[in-house]
Amino acid sequence: MRFSLFSLARQALGGHARWPAQWRSPEPKAAYDAVIVGGGGHGLGTAYYLAKEHGLRNIAVVEKGWLGGGNTGRNTTIIRSNYLWEESEAIYELSVKLWETLSDELNYNVMYSPRGVMMLAHTIHDIQVFKRHVHANRLAGIDNEWLTPEAAKDFCPPLNISPKLRYPVLGAALQRRGGTARHDAVAWGYARAASALGVDIIENAEVTAIRRDASGAVEGVETTRGVIKAKKVGVVAAGHTSVLMGMAGVRMPLESYPLQALVSEPVKPVLPCVVMSNTVHAYVSQSDKGELVIGAGTDVYTSYSQTGGLHVSAHTLDAICDLFPTFRRMRMMRNWGGIVDVTPDRSPIIGLTPVPGLYVNCGWGTGGFKATPGSAFVFAATMAHGEPHPIAAPFSLERFTTGRLIDEAAAAAVAH
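Residue numbering for the sequence shown follows our numbering, beginning at 7 and increasing consecutively.
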């Protein structure tokens, strides 16, 4: 069913009792042309673009839990493309351009809101780094501009620019096309569109092994719902990527950390944009439900815990209360952690592996959500053709042996 004003009216006349299931939930077949391991936004998007752009229809997405139950459903939904290096600018800008038309593309409202992303500078070093980003972005045709403290407050009235702050606001870099989207709507929209093109979406099917044939090439996966054969397997499993790739004998240059986030009670609209501060380790936006969505830092140790760390959240709230004194009376409702996979250069890995037929898309750290459509688009092309998409090529696994790293630690920092 195609969503429209007329379909909504027709369903309303029937008491909204005849809406069909958003996607099919078939039993897994014995074999597919390609299997995607991971039912988050990147994995579902990859399946969608494989079907739509490359004509593959015999595809399965295998998810150990429910769709969007991993990092896709546990992030703070920030979208931006103001990265430093050309390679990063290319993939994140592709993503922003896809975000701008994604609701129409999928016939599903992903609630993309280009409300602007403002990154605060608190030190001379911050000013130098952010101005460098502004100039690099503008050379690449990407919008980014420098604001004085007064201009930053005009754009975001609740912001405290008092010089008496421990870390006073000395300026800000603003990307007006940046913003947010609804994380579960993105997963559901891609799932619905992929399913309509014939993709099988198999939930509650944890991968327990990756099978290889006598030549060493991949031949399928073993799951808790049976063996599934496939000549192409794409692993898109965020923080659990290193575990899955270990099943195929591939060691990944990844470390997995819990990243903290929390939300407040809902209030009327008070924050008009996304505000990020790497120096004081905090970033905040307001959801359409009215909650303040607050991102904190990573734990200092590797872990697969998804529980929130209260000491990390408390540190972040101290910073938020300094920057936004009017938020001091607000109550926090819940906090949690998401498992992020971090590479040595803080840039992703997209492409082929030493195992023929096995592909990987990982290492997005805390910046995976913003890259969802662009990542899925280039990874689908890579899997379809057996060679890296030009935008994905610099993010190959081989760069860690050749030394051609893409160091985005400054753009990533805590608020990736």
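We treat Cβ as the ideally placed atom computed from N, Cα and C, and that holds for glycine.
* In terms of residues, what are the limits of the beta strand (DSSP E) holding GLY303? -> Your numbering for residue 303 matches position 297 in the sequence shown. Note, GLY303: beta strand (DSSP E), 298-304.
* Would you mind sorting GLY20 into buried or exposed? The rule is 16 or more other CB atoms within 10 Å of its CB. => By 1-based counting over the sequence shown, the position of residue 20 is 14. Burial call: exposed.
* contact_flag[the region 69-78, the region 161-172] where n(CB pairs < 8 Å) is 3 or more -> no
* Whole beta strand (DSSP E) runs in the region 236-271 with 3 or more residues, listed along the chain? -> 261-270
* To do: Can you grab the Cα-Cα spacing for the pair ALA377 / VAL366, in whole Å?
  => On the sequence shown, position 371 is the one that residue 377 refers to. On the sequence shown, position 360 is the one that residue 366 refers to. Distance between the alpha carbons of ALA377 and VAL366 is about 15 Å.
* Asked: Three or more C-beta pairs closer than 8 Å, one from the region 175-193 and one from the region 111-125: is that the case here?
  -> yes
* To do: Determine the DSSP secondary structure at ILE133, reduced to helix, strand or coil.
  => What you label residue 133 is simply residue 127 of the sequence shown in a count that begins at 1. Helix at ILE133.
* To do: With a floor of 4 residues, list each alpha helix (DSSP H) that falls wholly inside the region 178-210, ordered by position along the chain.
  => 189-202
* Asked: Leaving out five residues before and five after ALA37 in sequence, what residues of the same chain have Cβ atoms less than 6 Å from its Cβ?
  -> Taking the sequence shown and counting its residues from 1, one reaches residue 37 at position 31. Here the set comprises LYS235.
* **At least 3 beta-carbon pairs within less than 8 Å: the region 154-164 vs the region 128-139** => no
* Coil, strand or helix - GLN17 by DSSP -> Reading the sequence shown from its first residue, position 11 is the one you call residue 17. Looking at GLN17 - three-state DSSP - the assignment turns out to be helix.
* Rounded C-alpha distance that separates PHE385 from ALA179 -> Sequence index remark: in the sequence shown, residue 385 carries index 379 (1-based). Sequence index remark: in the sequence shown, residue 179 carries index 173 (1-based). Going from the Cα of PHE385 to the Cα of ALA179 covers about 30 Å.
* Which residues mark the beginning and the end of the alpha helix (DSSP H) in which GLU358 is found? -> Here residue 358 corresponds to residue number 352 of the sequence shown, with the count starting at 1. Before going further, note that residue 358 is Leu rather than Glu in the sequence given. That residue, LEU358, is in no alpha helix (DSSP H); its beta strand (DSSP E) goes 355-358.
* SER109 - partner residues in DSSP beta bridges -> As a position in the sequence shown, residue 109 is number 103, starting the count at 1. For SER109, which the question treats as bridged, DSSP gives no partner whatsoever.
* Go ahead and pull the three-state DSSP assignment for VAL116. => Within the sequence shown, the letter at position 110 stands for residue 116. Note: VAL116 maps to coil in three-state DSSP.
* To do: Output the residue ranges of the alpha helix (DSSP H) runs that lie fully inside the region 39-110 and measure 4 residues or longer, sorted by chain position.
  => 47-60
* Asked: Going by alpha carbons, who is nearest to ASP328 out of THR285, TRP25, GLY122, GLY49?
  -> Against the sequence shown, residue 328 aligns to sequence position 322. Comparing Cα positions, the closest option is THR285.
* Beta-carbon proximity of ASP305 to GLY315, cut-off 8 Å -> Against the sequence shown, residue 305 aligns to sequence position 299. Against the sequence shown, residue 315 aligns to sequence position 309. Closer than 8 Å, so yes.
* To do: Please report how far the alpha carbon of ALA15 lies from the alpha carbon of THR408, in whole angstroms.
  => Stepping through the sequence shown from its first residue, residue 15 is reached at position 9. Stepping through the sequence shown from its first residue, residue 408 is reached at position 402. Straight-line Cα distance between these residues: approximately 59 Å.
* To do: Please name the residue, chosen from SER319, ALA382, ALA146, LYS58, that lies closest to TYR89 on a Cα-to-Cα basis.
  => For the purposes of this step, residue 89 is taken as residue 83 along the sequence shown, with counting starting at 1. Of SER319, ALA382, ALA146, LYS58, the residue nearest in Cα terms is ALA146.
* Given that a residue counts as buried once 16 or more other Cβ atoms are within 10 Å of its Cβ, and exposed if not, what is GLN134? -> Translated into the one-based positions of the sequence shown, residue 134 becomes position 128. So GLN134 counts as exposed.
* THR214, buried or exposed, once every other Cβ within 10 Å from all chains shown has been counted against 16 -> Translated into positions along the sequence shown, residue 214 becomes position 208. With fewer than 16 other Cβ atoms within 10 Å, it is exposed.
* Asked: Would LEU50 pass as a contact of GLY380 if the rule is Cβ separation under 8 Å?
  -> Position 44 of the sequence shown, counted from the first residue, corresponds to residue 50. Position 374 of the sequence shown, counted from the first residue, corresponds to residue 380. No.
* To do: With a 10 Å radius around its C-beta and 16 neighbouring C-beta atoms as the bar for buried, classify VAL420 as buried or exposed.
  => By one-based count along the sequence shown, residue 420 stands at place 414. At VAL420 the pLDDT is 45, less than 50, meaning the model places this residue with poor confidence and gives no usable figure here.
* Asked: Below 8 Å between beta carbons: does that hold for VAL280 and GLY185?
  -> Here residue 280 corresponds to residue number 274 of the sequence shown, with the count starting at 1. Here residue 185 corresponds to residue number 179 of the sequence shown, with the count starting at 1. A contact, by the Cβ cut-off of 8 Å.
* To do: Alpha carbon to alpha carbon, how far is ASN81 from GLY343? Give it in angstroms, no decimals.
  => The residue you call residue 343 lines up with position 337 of the sequence shown. The residue you call residue 81 lines up with position 75 of the sequence shown. Rounded to the nearest angstrom, the two C-alpha atoms are 9 Å apart.
* Nearest-angstrom Cα separation, counted from LYS58 out to GLU93 -> Within the sequence shown, the letter at position 87 stands for residue 93. Within the sequence shown, the letter at position 52 stands for residue 58. Between GLU93 and LYS58, the C-alpha separation is close to 25 Å.
* Proximity winner among GLY373, GLU228, ARG337, relative to TYR98 (alpha-carbon distances) -> Residue numbering aside, residue 98 sits at position 92 when the sequence shown is read from its first letter. Looking at the Cα atoms, GLY373 is the closest of the given residues.
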